Amino acid sequence: MSVTDTTPVNRTAVPGPATPYQGDIARYWDHEARPVNLRLGDVDGLYHHHYGIGEVDQEALGSPDDSEREKKLVAELHRLESAQTDVLLDSLGDIRPEHTLVDAGCGRGGSMVMAHQRFGCKVEGVTLSAKQAEFGNRRAKELGIDDSVHAQVRNMLDMPFGTGTVRGSWNNESSMYVDLHDLFAEHSRILSVGGRYVTITGCWNPIYGQPSKWVSQINAHFECNIHSRREYLRAMADNRLVPNAVVDLTAATLPYWELRATVPSLVTGIEEAFINSYKDGSFQYLLIAADRV
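With the numbering used here applied, the sequence shown closes on residue 314, and no number is skipped along the way.
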C-alpha cells in the first residue's frame with residue numbers, strides 16, 4: 022500500500038506556552054516529507070519517525086543483482102524500525118485495555134497504532150506538527166481505530182491530560198527538542214504512581230568529554246539539541262522517575278544505519294555522522310525505562 026503525504030499544513034497556532042523555537046520545529050516537521058520516512062511506512066501503513074535495531078536479515082535482501090533489491094532493502098529497514106518500537110513497548114510493563122498511554126512527539130503515529138494493536142488500550146499522541154497529527158488521525162480512521170488512537174497539536178511540556186491519569190508514556194527520539202527537566206516534570210505529572218515512562222534516544226556520551234563534531238552535525242541537521250546520558254538520569258531523578266532499566270542499543274542500531282547508507286534514494290546525508298559517532302563512542306543510542314514513584 023502507499024499513502025502519499027498530501028495533507029495541507031494547518032496554520033492554527035500551537036496551543037500552550039509556545040516559543041519561537043517551538044514554532045521553528047513545527048514548521049520543520051510540517052514541511053518534512055523525506056522518502057526515508059514515507060517509503061518505509063508504505064510497506065505496511067505504519068509510519069514511523071525513528072530508527073531501527075537488530076541484525077539485518079541478509080536472506081530477505083536477496084542477491085545484489087535482484088531486480089527487486091531496493092524494494093527488499095526498504096522492507097528490511099522498515100522491519101528494523103518496527104522492531105525498535107516493539108522493544109519500547111516491551112518496556113512499558115503491565116498495560117491493560119482500560120489504561121491510557123501517551124506518545125509525546127508522536128510523529129505520524131506508527132508507534133501509537135502498534136501500541137493499541139498490542140494492548141487494546143487508548144493511545145493519545147501530541148506533536149507540534151499539525152500536518153503530522155492530521156496524517157496520523159487519518160491513518161487511525163482508515164484502520165477503524167480512531168476511537169482509541171488520536172493525535173493532537175500540543176506542546177509535550179504542557180500536555181492536555183489530567184494529573185495521574187496515564188499508565189504509560191514515552192518519547193521515541195523526540196526528547197532532544199526540549200529541556201529535560203521540564204519534560205520529565207510533565208511526564209511525572211500525568212503518570213499515575215507506579216506508571217512507567219520509557220524513552221529511546223540518541224545522547225552524547227559524557228565519557229567522550231563534550232559533544233563531538235558528529236553530534237554537532239546531527240543537531241544542525243535536525244535543528245535539535247542532543248542531551249548527554251548524564252542529563253537524562255539527573256532530570257529523571259529530580260522528577261520522581263526512578264530508572265529500572267538503562268539499555269545501550271548502540272550496537273543494535275548500527276546495522277540499520279549501515280544498511281540505510283547503501284540505498285541512494287533514501288540517503289539524507291546524515292548517515293555518516295550517525296555511523297561514525299556510534300563507532301567512536303561519542304554518541305550512544307539508549308533505552309531508559311523509569312517508574313513514577
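Glycine included, C-beta positions come from ideal geometry on N, C-alpha and C.
Owing to the predicted nature of the structure, the values given are computational and were not obtained by experimental measurement.
With fewer than three CB-CB distances shorter than 8 angstroms, the region 160-171 does not count as touching the region 184-191. For the region 239-285, the full-length beta strand (DSSP E) segments reaching 3 residues or more read 262-269 along the chain. The three-state reading of DSSP puts I309 in strand, counting E and B together. Comparing alpha-carbon positions, the option among M135, V174, V134 and E163 lying closest to K152 turns out to be V174. Within the same chain, Cβ atoms closer than 8 angstroms to the Cβ of N226 are found at S249, R250, G302, S303, F304 and Q305, the five residues on either side in sequence being excluded. About 24 angstroms separates the beta carbons of R313 and L149, which is beyond the 8 angstroms limit, so they are not a contact pair. For the region 162-198, the continuous beta strand (DSSP E) assignments of 3+ residues that do not extend past its boundaries occur at 170-174 and 187-193, in sequence order. Here A125 carries a strand assignment [DSSP, helix/strand/coil]. Nearest to T222 by C-alpha distance, out of R60, S88, T106 and A96, is T106. Distance from the CA atom of P285 to the CA atom of L275, rounded to whole angstroms, is 18 angstroms. Within 10 angstroms of the beta-carbon of G157 lie 16 or more other beta-carbons, which makes it buried. Only residues of its own chain outside the window of five on either side were considered, and among them A96 and H99 have a CB closer than 6 angstroms to the CB of V64, listed in chain order. In the DSSP assignment, W225 forms a beta bridge with S249 and F304.
Of the other Cβ atoms in all chains shown, fewer than 16 fall within 10 Å of the Cβ of D115; this residue is therefore exposed. Residue G215 holds the alpha-carbon nearest to the alpha-carbon of H120 among L280, L178, P264 and G215.
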